[in-house]
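Quick note: the sequence shown uses numbering that gives the first Met the number 0, first residue 0, plus one each step. Before any comments, here is the structure.
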Amino acid sequence: MHVETVMIHVRFAPDGTVTEIGERPAAVPAQAWFNLLSLKATGPYQALAGGRGVFRLARSEIESLKGEVAA
0 MHVETVMIHV RFAPDGTVTE IGERPAAVPA QAWFNLLSLK ATGPYQALAG GRGVFRLARS
60 EIESLKGEVA A
């Protein structure tokens with residue numbers, strides 16, 4: 000069985016706050032979505048150079064987390 004893995008790109012401001020993040024529900028601020036992923040995501044997070052990072056998560060996990068914030 001193939002599990003679709005999605006990369007969620009994160010971009011940070013110089014002060015460490017999140018300015019952009021992928022797969023974010025429209026009603027959720029970028030920082031709040033990052034915080035939720037940091038607390039609840041089971042996939043790895045990788046810090047990158049230049050104020051960037053990436054989560055690697057299963058599509059089903061992303062949809063589940065989106066459901067949590069919509070409730």
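No residue lacks a Cβ here, since even glycine has one placed at the ideal position from N, Cα and C.
CB-CB length for residue i against residue j, believed under 8 Å
i	j	result
L64	K39	6 Å
L36	V68	Not quite, the Cβ-Cβ distance comes to about 11 Å (not below 8 Å), so this is no contact.
Chain-order list of residues whose beta-carbon lies under 7 Å from that of residue i (same chain, five-residue window excluded)
i	result
T41	E60
G21	I7, H8
Check whether residue i and residue j have beta carbons under 8 Å apart
i	j	result
E19	A29	yes
Neighbourhood of residue i by C-beta, 8 Å cutoff - its chain only, sequence neighbours within 5 removed
i	result
V53	M6, I7, H8, V9, Y44, Q45, L47
R51	H8, V9, R10, F11
Nonlocal neighbours in the same chain, by C-beta distance under 6 Å from residue i, ignoring five residues either side
i	result
E3	R58
Whole-angstrom distance between residue j and residue i, CA atom to CA atom
i	j	result
F33	V17	7 Å
E62	R23	10 Å
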